[in-house]
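Peer 1: Per our numbering, residue 6 is the first one in the sequence shown, and the count goes up by one each step.
Note that the Cβ used here is the ideal one computed from N, Cα and C, for glycine as well.
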Amino acid sequence: MASTKIPTNEKPSMEFNDVKNNLSSIHLSISFRKLCIATACLPLATLLICFVTAYIFQQDEIHETHCRVYNVLPSISAITGVSPQRYLWRISIALHIGPRLIIATVYYAYYRKVLKTIDDLSKKIVGCRVLNLCFWLNIAEIASLCGVTYVSNRENYYAHEKIFIIFMVSSLTYMLAAVKLGRLATPNAQSLYYKEILFATSLVSTVGLIIFFLKHRLLCHDLAFSWFSLCEYIIATANIAFHVTVILDFPTERLIVGRDLSATKID
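1. If contacts are defined as beta-carbon pairs under 8 Å, then A182 and C139 qualify, I think. What distance do you get, rounded to the angstrom?
2. Ends of the alpha helix (DSSP H) at V184?
3. Any contact between the stretch 237–247 and the stretch 67–83? By contact I mean 3 or more CB pairs, one from each, below 8 Å.
4. Is M33 buried or exposed, if buried means 16 or more other CB atoms sit within 10 Å of its CB?
5. Going straight from the alpha carbon of R188 to that of L197, what length do you get?
6. Since V135 and L186 should fall inside the 8 Å C-beta cutoff, what is the C-beta to C-beta distance between them, to a whole number of angstroms?
7. Hey, is the stretch 61–77 in contact with the stretch 218–231, meaning 3+ C-beta pairs nearer than 8 Å?
8. What three-state label does DSSP hand T138 in the structure shown?
9. Between the alpha carbons of T191 and Y92, how many angstroms are there, rounded?
10. Tell me the rounded alpha-carbon separation between V87 and G263.
11. Quick check on DSSP: helix, strand or coil for V262?
12. How about Y155 and R95: do their beta carbons lie closer than 8 Å?
13. With distance defined between alpha-carbon atoms, name the residue in T85, E237, F233, K121 nearest to S176.
14. Tell me whether I2 is buried or exposed, calling it buried when 16 or more other Cβ atoms sit within 10 Å of its Cβ.
15. Starting from S88 and walking both ways along the beta strand (DSSP E), at which residues does that stretch end?
16. Just tell me which of N137, Q90, R38, L40 has its CA closest to the CA of Q63.
17. Is the CB of Y162 under 8 Å away from at least one CB in chain B?
18. So F169 packs on L203, CB below 8 Å; how close in whole Å?
19. Buried or exposed for I67, please, with buried defined as at least 16 other CB atoms from any protein chain shown within 10 angstroms of its CB.
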């Protein structure tokens, strides 16, 4: 019986067709690294624009304080609470929130996979608990960021103040939980080193922020509110930089929207 030979070019042709089909099923592909950088740069750039324009054109409004003492550096709430800067800031945060939720979800899924590879059961249980805490603290931080943005200090100071406190607490505890999770699951990750530094920076700046706020509110010291504002800017920058460290954990990944070929019926 004569043997039938399979053409040598059939396998490469099938592989090429598979690749072609996979590519045709992708509707959108975005670099996750670029998405994270753009998400972080948006509020930073907007904050800079608000600061420069408010400082040039609205000095009297942004330097007005509770004690009416000498002040040179306005707070973030001041420069984003005047018009038209408040609308620009609200638009930027609206565009910022969506990707933040995606990043939080991806990080959660990533660490779940990492924790599954840990053999030590007690360590795995602790890691899962810290991961859940970390995720919900991140959601609380994002939600309070929305609140502190859309409830202006000029419109409702007491509500704005309370939401700002929630933001600070959730932000710091999230950072602490993320560092703890990193030490448990990915102790050799490059991002962990930067997270530890940025968390320490935020913690020290928060202590300074509280001290200078009390000096301003209770003692009405000159420039106390300026030092408070400086601490606030440092905290905001450190917070954004902390979230940017995600690019070190996902340097080449892509966010893809496409059709699931495995679910497609073949006639």
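Peer 2: Based on what the coordinates show:
1. At roughly 4 Å, the Cβ-Cβ gap stays under 8 Å, so A182 and C139 are in contact.
2. Where V184 is concerned, the enclosing alpha helix (DSSP H) stretches over 162–190.
3. These segments touch.
4. Checking the displayed sequence, the identity of residue 33 turns out to be Leu instead of Met. So L33 counts as exposed.
5. Cα to Cα, the separation comes out at about 8 Å.
6. For V135 against L186, the beta-carbon gap comes to about 5 Å, under 8 Å, which counts as contact.
7. Yes, since at least three Cβ pairs between the stretch 61–77 and the stretch 218–231 fall closer than 8 Å, the two stretches touch.
8. For the sequence presented, residue 138 should be read as Leu rather than Thr. L138 falls in the helix class under three-state DSSP.
9. The C-alpha of Y92 is placed about 40 Å away from the C-alpha of T191.
10. Their backbone Cα atoms lie some 43 Å apart in a straight line.
11. Reduced to three states, the DSSP call for V262 is strand.
12. The criterion of a C-beta distance shorter than 8 Å is satisfied by Y155 and R95.
13. The shortest Cα separation from S176 among T85, E237, F233, K121 belongs to E237.
14. The requested residue 2 does not occur in the structure, where the chain is confined to residues 6 to 272.
15. Secondary structure note for S88: it is in no beta strand (DSSP E), with a DSSP letter that is neither H nor E.
16. With respect to the C-alpha of Q63, the residue from N137, Q90, R38, L40 having the closest C-alpha is Q90.
17. No chain B is present in this structure, which holds just one protein chain.
18. Contact doesn't hold; Cβ gap of about 20 Å is too wide.
19. Classification for I67: buried.
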